[in-house]
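Numbering (the working numbering), first residue to last: 436 to 967. Where is the CB? At the ideal position from N, CA and C, for every residue including glycine. See below for the structure under consideration.
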């Protein structure tokens with residue numbers, strides 16, 4: 436499927452009349468007929484090029500005959516420096532379009548920075564070929580020109596400055612014809628480029644057409660051709676083009692170029708200004724504006740793509756965090772089930788064993804079997820303690836009974852520090868009522884992180900004091916839990932200890948879309964941020 440709309444049948448006579456109009460009432464300062472041919476050939480397949488060549492050639496021939504019939508003088512005085520425009524003009528432009536298409540220049544990709552650069556290269560090639568044709572018509576011998584179907588040009592520059600002006604003026608005419616017409620065709624005929632057109636046109640009607648046109652035309656009527664006011668107005672007009680190109684990209688540049696070309700043409704008609712100066716002004720400004728606008732569009736497109744990737748990444752991270760949270764929740768449920776079964780089944784069995792051993796020792800003779808039964812009772816008591824320790828490791832009772840902060844302050848972490856002879860302190864900041872809104876997964880993750888950090892400090896740091904701070908707050912419906920564990924020990928000797936000693940903390944923090952930071956000070960400081 437073609438990315439741009441094929442023209443309807445009625446567009447053929449319309450384009451032929453437009454080509455005829457541009458040749459009869461156009462001029463070489465803005466060779467719009469060249470831009471029209473370039474745009475048509477770019478949008479149509481190669482198999483249609485002979486037919487379009489015939490349309491444009493017949494249209495030019497009709498203009499030639501009309502001028503002769505009206506008695507307006509030699510045809511070349513109206514259609515250009517030589518009569519070859521009828522035959523060679525479309526052929527040369529066809530060669531230019533074919534050349535840029537070999538570099539993969541297509542209407543659907545012309546709106547990029549590379550596409551605009553190729554468009555300018557094609558426009559420059561059109562200007563060079565048309566300039567060469569006009570030079571050949573001006574300096575070639577009449578006999579040779581007649582042999583190839585060309586008529587001598589009416590103007591032949593005799594001095595070097597005149598020759599340079601002639602070459603630049605005719606080059607700029609072809610260049611400007613393509614640069615003025617083709618961007619508008621790309622805008623109107625490629626559906627992807629028409630998005631947001633109403634906003635650009637409304638902005639142009641207010642800021643680009645009405646105010647600059649009124650100010651520039653009224654000032655041009657009052658100012659002299661070399662007046663500093665006219666120069667200042669041209670600078671302001673250039674600034675307006677740059678701003679409009681920045682706001683609306685290459686489409687804003689194309690529209691502003693159209694406005695500026697109209698204003699410059701009116702100024703040149705009023706003051707009879709230097710044509711080459713006007714051409715250079717419009718050409719340089721237009722080329723810079725289109726490239727600048729295309730680069731702005733690409734930058735914005737890249738920003739949109741980056742934002743889309745960031746949004747997708749955030750969605751993936753949120754989905755991963757939610758999946759990890761569900762996994763942790765399922766894991767904790769399974770831990771509770773195992774703890775309950777161990778407590779119920781093994782606990783009852785151990786209780787029955789202890790009761791049976793008590794009965795056996797009461798019935799056993801005093802001089803036989805007492806030592807064996809006592810040893811079995813001791814082993815049973817140790818087994819009961821180990822069972823309670825395993826059950827508490829699977830699901831800490833103090834967390835369910837006391838809550839997060841009390842479990843951290845008085846539960847297993849405090850007991851480990853007390854047994855190791857380490858001074859232990861806890862602090863809480865923020866809204867403590869938010870603790871009641873924490874779900875089971877977040878509560879347990881925070882408690883396990885404190886347990887693991889305290890265990891690592893006692894194992895590696897050889898500290899004397901250990902402090903745990905818990906800060907809780909809410910922002911945008913998200914509860915943040917910040918854990919800060921600091922000891923005064925010797926710190927970590929290598930990064931390997933971080934990899935092996937804190938992987939459990941890192942995994943739990945990542946599962947809750949959190950962040951872990953470890954600072955190896957004198958002592959170790961562990962920062963963990965959890966989100967719910």
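Simplified DSSP assignment, three categories, for residue 657 | Working through the chain shown from its first residue, we reach residue 657 at position 222. Because the pLDDT at residue 657 is just 49, under 50, the model does not fix this residue reliably, and the point stays unresolved.
Please work out which residues of its chain come closer than 6 Å, Cβ to Cβ, to residue 924, disregarding the five sequence neighbours upstream and downstream, and give them in chain order.
-> Here residue 924 refers to the residue found at position 489 of the chain shown. So the qualifying residues of the chain are 896, 897, 898, 958.
Going by CA-CA distance only, name the one from 770, 764, 811, 765 that's closest to residue 785.
-> Here residue 785 refers to the residue found at position 350 of the chain shown. Closest by alpha carbon: 811.
Taking the CB atoms as reference points, tell me whether residue 715 and residue 552 lie closer together than 8 Å.
-> Within the chain shown, numbered from 1, the residue matching residue 715 stands at position 280. Within the chain shown, numbered from 1, the residue matching residue 552 stands at position 117. Against a cut-off of 8 Å, the Cβ pair of residue 552 and residue 715 comes out as no contact.
Buried or exposed: residue 765, going by 16 or more other Cβ atoms within 10 Å of its Cβ?
-> If you number the chain shown from 1, residue 765 lands on position 330. Residue 765 is exposed by the Cβ-count criterion.
With a CB to CB cut of under 8 Å and the five nearest residues on each side skipped, what residues in its chain are close to residue 926?
-> Position 491 of the chain shown, counted from the first residue, corresponds to residue 926. Cβ within range, chain order: 896, 955, 956, 957, 958, 959.
If you check the beta carbons only, do residue 728 and residue 680 fall under 8 Å apart?
-> Working through the chain shown from its first residue, we reach residue 728 at position 293. Working through the chain shown from its first residue, we reach residue 680 at position 245. Yes. Within cutoff.
Candidates 893, 621, 887, 910: which alpha carbon is nearest residue 938's?
-> Taking the first residue of the chain shown as position 1, residue 938 is located at position 503. That would be 887, whose Cα lies nearest to the Cα of residue 938.
Tell me whether the beta-carbon of residue 556 lies closer than 8 Å to the beta-carbon of residue 535.
-> Within the chain shown, residue 556 is the residue found at index 121, counting from 1. Within the chain shown, residue 535 is the residue found at index 100, counting from 1. The answer is yes: Cβ separation under 8 Å.
Within its chain, find whatever has a CB closer than 6 Å to the CB of residue 619; leave out the 5 residues flanking it on each side and keep chain order.
-> Position 184 of the chain shown, counting from 1, holds the residue named residue 619. 689, listed in sequence order.
Just the C-alpha distance for residue 902 and residue 682, rounded to the nearest angstrom, thanks.
-> Taking the first residue of the chain shown as 1, we reach residue 902 at position 467. Taking the first residue of the chain shown as 1, we reach residue 682 at position 247. Cα to Cα, residue 902 sits roughly 56 Å from residue 682.
Report yes if the C-beta distance between residue 884 and residue 918 is below 8 Å; otherwise report no.
-> Against the chain shown, residue 884 aligns to sequence position 449. Against the chain shown, residue 918 aligns to sequence position 483. Contact: yes.
DSSP-derived helix/strand/coil call for residue 522 | Taking the chain shown and counting its residues from 1, the one referred to as residue 522 is at position 87. Here residue 522 sits in coil by DSSP.
With a Cβ-Cβ cutoff of 8 Å, do residue 943 and residue 842 count as a contact?
-> As a position in the chain shown, residue 943 is number 508, starting the count at 1. As a position in the chain shown, residue 842 is number 407, starting the count at 1. The answer is no: Cβ separation not under 8 Å.
Which residues share a DSSP beta bridge with residue 381?
-> Absent from the structure is residue 381, since the part of the chain shown begins at 436 and ends at 967.
Tell me, which residues are paired with residue 865 by DSSP?
-> In the chain shown, the residue the question calls residue 865 occupies position 430. DSSP, once it has assigned bridges, lists 907 as partnering residue 865.
Close Cβ partners of residue 875 (< 8 Å) along its chain, the five nearest in sequence each way excluded = As a first step, residue 875 must be located in the chain shown, where it is residue number 440. So the qualifying residues of the chain are 764, 767.
Could you have a look at residue 925 and say whether DSSP puts it in helix, strand or coil?
-> Locating residue 925 in the chain shown gives position 490, where the first residue counts as 1. The answer is coil: DSSP assigns residue 925 none of H, G, I, E or B.
Spatial neighbours of residue 762 within its chain, please: CB distance less than 8 Å, with the 5 preceding and 5 following residues excluded, ordered by chain position.
-> For the purposes of this step, residue 762 is taken as residue 327 along the chain shown, with counting starting at 1. Counting only Cβ-Cβ distances below 8 Å, and skipping sequence neighbours, we find 946.
Hey, out of 781, 852, 745, whose CA is closest to residue 821's CA?
-> One-based indexing of the chain shown puts residue 821 at position 386. If we check each option's Cα against that of residue 821, 781 comes out closest.
Between 547, 543, 722, which lies nearest to residue 737 when the distance is taken from Cα to Cα?
-> Stepping through the chain shown from its first residue, residue 737 is reached at position 302. Of the candidates 547, 543, 722, the one whose C-alpha sits nearest the C-alpha of residue 737 is 547.
Measure the CB-CB distance between residue 900 and residue 866 and report whether it falls below 8 Å.
-> Position 465 of the chain shown, counted from the start, is the residue given in the question as residue 900. Position 431 of the chain shown, counted from the start, is the residue given in the question as residue 866. No, the pair does not count as a contact, with Cβ atoms beyond the cut-off.
With a CB to CB cut of under 8 Å and the five nearest residues on each side skipped, what residues in its chain are close to residue 845?
-> The count along the chain shown starts at 1 and reaches residue 845 at position 410. Result list for residue 845: 833, 837, in chain order.
What residues in its chain sit with their C-beta under 8 Å from that of residue 561, if we drop five residues either side in the sequence?
-> The residue given as residue 561 occupies position 126 in the chain shown. Only 469, 473, 527, 528, 531, 609, 610, 612, 613 meet the Cβ criterion.
Residue 919 - partner residues in DSSP beta bridges = Numbered from 1 along the chain shown, position 484 holds the residue referred to as residue 919. According to DSSP, which records beta bridges pairwise, residue 919 is partnered with 904, 962.
By DSSP, does residue 948 sit in helix, in strand, or in coil?
-> The residue given as residue 948 occupies position 513 in the chain shown. Coil.
Just the Cα atoms here: how many angstroms apart are residue 878 and residue 839?
-> In the chain shown, the residue the question calls residue 878 occupies position 443. In the chain shown, the residue the question calls residue 839 occupies position 404. Whole-angstrom Cα-Cα distance: 6 Å.
Is residue 964 closer than 8 Å to residue 435 when the C-beta atoms are compared?
-> Limits of the chain in this structure are 436 at one end and 967 at the other, which puts residue 435 out of reach.
Cα-Cα, which of 475, 482, 481, 525 is closest to residue 496?
-> Counting from one through the chain shown, the residue named residue 496 turns up at place 61. The shortest Cα separation from residue 496 among 475, 482, 481, 525 belongs to 525.
Under three-state DSSP, which class holds residue 474?
-> In the chain shown, counting from the first residue as 1, residue 474 sits at position 39. Note: residue 474 maps to helix in three-state DSSP.
Can you tell which of 809, 889, 568 has its C-alpha closest to the C-alpha of residue 851?
-> Walking along the chain shown from the start, residue 851 turns up at place 416. Of the candidates 809, 889, 568, the one whose C-alpha sits nearest the C-alpha of residue 851 is 889.
Simplified DSSP state of residue 639, which is helix, strand or coil = Mapped onto the chain shown, residue 639 falls at position 204. Note: residue 639 maps to helix in three-state DSSP.
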